[in-house]
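Asker:
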Amino acid sequence: MKLVKFGGSSCASAEQFKKVREIVFSDPARRYVVVSAPGKRFPKDEKVTDLLYLLYEDLREGRGMERQLSKIERRYREIIDGLSLSLSLEEDFREIRERLLAGESCAYAASRGEYLNAKLMAEYLGFPFLDAGELIAFRPDGECDFRETERRVGERLRDMEKAVIPGFYGLDPEGRTVTFSRGGSDVTGSLIAAGLHADLYENWTDVSGFLVADPRIVRKPEVIDYITYRELRELSYMGASVLHEDAIFPVRKEGIPIQIKNTNRPGDHGTMIVANTLKKPRFIITGIAGKKNFCSINIEKAMMNSEIGFIRKVLSVIEENGISVEHTPSGIDTMTLFIHQEELISNEQKVLQGIQRAVNPDLIELEADLALIAVVGRGMKSARGVAGRVMSALAHDYINIKMIDQGSSEYNIIIGVRNEDFEAAIRAIYNMFVLSAS
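Heads up: the sequence shown runs through residues 13 to 450, numbered per my numbering.
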């Protein structure tokens with residue numbers, strides 16, 4: 013049995029709905045469907061969820077909701093007319109108006125895109141509609157209650173052979189709507205797949221799988237055929253965004269593979285995300301991803317390595333200021349902290365003063381406008397000289413390396429470069445490990 017989730021681009025129009033129907037009915041194992049709100053139909057189009065956020069903002073600022081609500085109603089009417097459905101959403105829109113005027117939350121407003129789209133999809137497929145509020149449980153602190161959600165899914169869907177469920181939201185114990193962060197329908201799909209103990213979680217989108225590198229940086233990058241949860245976690249954390257990073261955990265616990273598929277090219281294999289595999293990757297590296305706008309704090313002190321508690325004292329100062337640290341490469345007499353630049357700027361002098369008082373260093377240096385790049389791959393563990401080849405590729409393109417750090421797992425190498433060298437560095441690494449091996 014498969015849980016299938018269709019993203020916003022897959023549900024953006026009547027034409028896309030027809031593709032979804034063909035995909036679902038082509039495999040009887042596809043019995044449970046999770047949908048996002050309608051996404052963009054063309055590059056300058058507006059996503060329904062964005063319109064709902066604008067609607068709530070207009071209402072809060074006293075501008076009323078009718079301008080945005082009429083746009084949203086038109087989007088759904090076009091889908092209904094395009095599919096010749098007899099379903100009417102008038103009563104649903106009346107309820108949305110009333111509840112928002114009565115003070116409903118922004119989360120409630122944002123969730124209605126998925127809610128309405130799931131009702132349309134259920135009608136079109138002839139499947140029962142099941143509100144996500146009956147399944148997805150949030151705790152009072154706004155965090156998802158995975159255990160309670162799994163229990164509800166197993167209990168509620170036990171006697172339902174088929175269902176269409178909206179993604180993105182659930183309810184807390186007080187019955188208030190709570191949403192995941194953007195892209196959270198992926199998490200809904202993962203939670204329901206785990207609760208159903210599904211054989212496979214298919215995530216349908218507008219790309220034919222996970223790409224080795226960002227296509228905005230590398231021209232026509234290769235598709236990754238198989239990737240482990242661990243590799244995906246590393247790449248997602250560093251900015252790769254085909255799948256919401258929190259969608260990994262529920263299915264990983266159950267050992268359920270995720271397959272990324274293209275709604276517009278259903279015959280493509282896509283990317284299979286698995287716990288582990290004996291399948292050898294096509295290339296030594298699996299993927300490259302990164303982020304800009306970091307800064308570094310370089311701390312120097314003679315005999316630092318022999319001073320007990322030195323690192324703890326420095327990190328305590330960072331923690332006291334509510335700052336997270338990305339990487340902490342160190343030497344005998346040096347320690348460097350890589351931090352999101354915007355996090356440090358507001359407390360810059362307080363942090364520097366705190367470090368000075370805590371460990372009395374010989375020197376503290378700051379450097380801004382840095383980028384971090386992760387080179388990830390299970391194939392790196394059995395390959396010799398990967399770090400050397402990375403440095404060679406960057407040196408060949410005259411890119412200065414500010415930091416290089418390889419984890420003990422040998423699954424990833426983190427490189428620090430200047431912001432201005434970010435794109436060129438990714439292309440240089442891609443050319444070294446993928447283009448030259450193709």
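We put the CB at the ideal spot given by N, CA and C, even for glycine. Keep in mind it's a predicted model, so treat the numbers as computed, not measured.
Helix, strand or coil for E110? Go by DSSP, reduced to three states.
Answerer: Residue state, collapsed to three classes: helix.
Asker: For T289, which option in D226, F192, G391 and I204 has the closest C-alpha, if you only look at C-alpha atoms?
Answerer: That would be G391, whose Cα lies nearest to the Cα of T289.
Asker: K14 by DSSP, collapsed to three states: which one?
Answerer: It is a strand residue.
Asker: Keeping to the same chain, check which residues put their C-beta closer than 8 Å to that of A119; ignore five residues upstream and five downstream.
Answerer: Counting only Cβ-Cβ distances below 8 Å, and skipping sequence neighbours, we find Y181, R188, T189, V190 and T191.
Asker: Please report the straight-line C-alpha distance between D409 and A440, rounded to a whole angstrom.
Answerer: So the alpha carbons of these two residues sit roughly 7 Å apart.
Asker: Any contact of the stretch 309–316 with the stretch 392–403, i.e. 3+ C-beta pairs under 8 Å?
Answerer: Short answer: they don't touch.
Asker: With contact counted as at least three CB pairs below 8 Å, one residue from each stretch, are the stretch 378–390 and the stretch 244–251 in contact?
Answerer: The answer is yes - the stretch 244–251 touches the stretch 378–390, with three or more Cβ pairs under 8 Å.
Asker: Tell me whether the stretch 14–22 and the stretch 78–87 touch, counting them as touching only if at least three CB pairs, one residue from each stretch, are closer than 8 Å.
Answerer: The answer is no - the stretch 78–87 does not touch the stretch 14–22, with fewer than three Cβ pairs under 8 Å.
Asker: For E257, I'd like the list of residues in its chain whose CB is within less than 6 Å of its CB, leaving aside the five on either flank, ordered along the chain.
Answerer: The answer, listed in chain order, is S248.
Asker: To the nearest angstrom, report how far apart L132 and V286 are at their CA atoms.
Answerer: Straight-line Cα distance between these residues: approximately 32 Å.
Asker: For the alpha helix (DSSP H) holding P262, just list the boundary residues, first then last.
Answerer: Start and end: I260 to E266.
Asker: T348 bridges to which residues according to DSSP?
Answerer: According to DSSP, T348 bridges with N310.
Asker: Run the CB neighbour count on M347, radius 10 Å, all protein chains shown included, and call it buried at 16 or more, exposed below.
Answerer: Buried, by the Cβ-count rule.
Asker: Please tell me whether P269 and S202 are closer than 8 Å, where the distance is taken between their beta carbons.
Answerer: Going by C-beta atoms, P269 is not nearer than 8 Å to S202.
Asker: Would you report the Cα separation of A205 and E162, rounded to the nearest angstrom?
Answerer: Each residue's Cα considered, the two are about 9 Å apart.
Asker: Return the first residue and the last residue of the beta strand (DSSP E) that E379 is part of.
Answerer: L375 to V388 is the extent of the beta strand (DSSP E) around E379.
Asker: With the cut-off set at 8 Å, would you say D218 and T275 are in Cβ contact?
Answerer: Going by C-beta atoms, D218 is nearer than 8 Å to T275.
Asker: May I ask you to list the residues that DSSP assigns as paired with G302?
Answerer: The partner list for G302 (beta bridge, DSSP) reads I385.
Asker: Do G94 and S48 have their beta-carbon atoms positioned less than 8 Å apart in this structure?
Answerer: Not closer than 8 Å, so no.
Asker: Going by DSSP, name the residue or residues bridged to S367.
Answerer: The residue you asked about is not Ser; residue 367 is Ile in the sequence shown. None, per the DSSP bridge assignment.
Asker: What residues match up with S342 in a beta bridge as DSSP calls it?
Answerer: Per DSSP, M347.
Asker: Is I441 helix, strand or coil when you go by DSSP?
Answerer: Helix.
Asker: Between V429, I260 and Y136, which lies nearest to N215 when the distance is taken from Cα to Cα?
Answerer: Of V429, I260 and Y136, the residue nearest in Cα terms is I260.
Asker: Within 10 angstroms of its Cβ, does I320 collect 16 or more other Cβ (buried), or is it exposed?
Answerer: Exposed: under 16 other Cβ atoms inside 10 Å.
Asker: Please specify which runs of the beta strand (DSSP E), each continuous and at least 3 residues long, are wholly inside the stretch 134–217, giving them in chain order.
Answerer: Runs of the beta strand (DSSP E) inside the stretch 134–217: 175–178, 181–183, 189–191 and 212–217.
Asker: Across which residues does DSSP place Y44 in a beta bridge pair?
Answerer: Note: Y44 sits in a beta bridge opposite L15 and A175.
Asker: Would you please state the rounded distance, in angstroms, between the beta carbons of M172 and D237? I believe it to be under 8 Å.
Answerer: Contact doesn't hold; Cβ gap of about 34 Å is too wide.
Asker: Just tell me which of I297, Q418 and I91 has its CA closest to the CA of S448.
Answerer: Among I297, Q418 and I91, the Cα nearest to that of S448 is on I297.
Asker: From which residue to which residue does the beta strand (DSSP E) around G115 run?
Answerer: No beta strand (DSSP E) contains G115, which DSSP labels as neither H nor E.
Asker: If you run the structure through DSSP and keep just helix, strand and coil, what is N129?
Answerer: Here N129 sits in helix by DSSP.
Asker: Give the secondary structure of K273 by DSSP, where H, G and I count as helix, E and B as strand, and everything else as coil.
Answerer: DSSP places K273 in strand when its eight states are reduced to three.
Asker: What number of angstroms, rounded off, separates the C-alpha of I416 from the C-alpha of I438?
Answerer: Distance between the alpha carbons of I416 and I438 is about 14 Å.
Asker: Which of the three DSSP states is assigned to D417 in this structure?
Answerer: Strand.
Asker: When you compare only the Cα positions, how much space is there between D143 and P178?
Answerer: Cα-Cα distance, rounded: 7 Å.
Asker: Looking at C-beta atoms only, is the number of pairs between the stretch 86–105 and the stretch 22–33 that lie closer than 8 Å three or more?
Answerer: A contact exists between the stretch 86–105 and the stretch 22–33.
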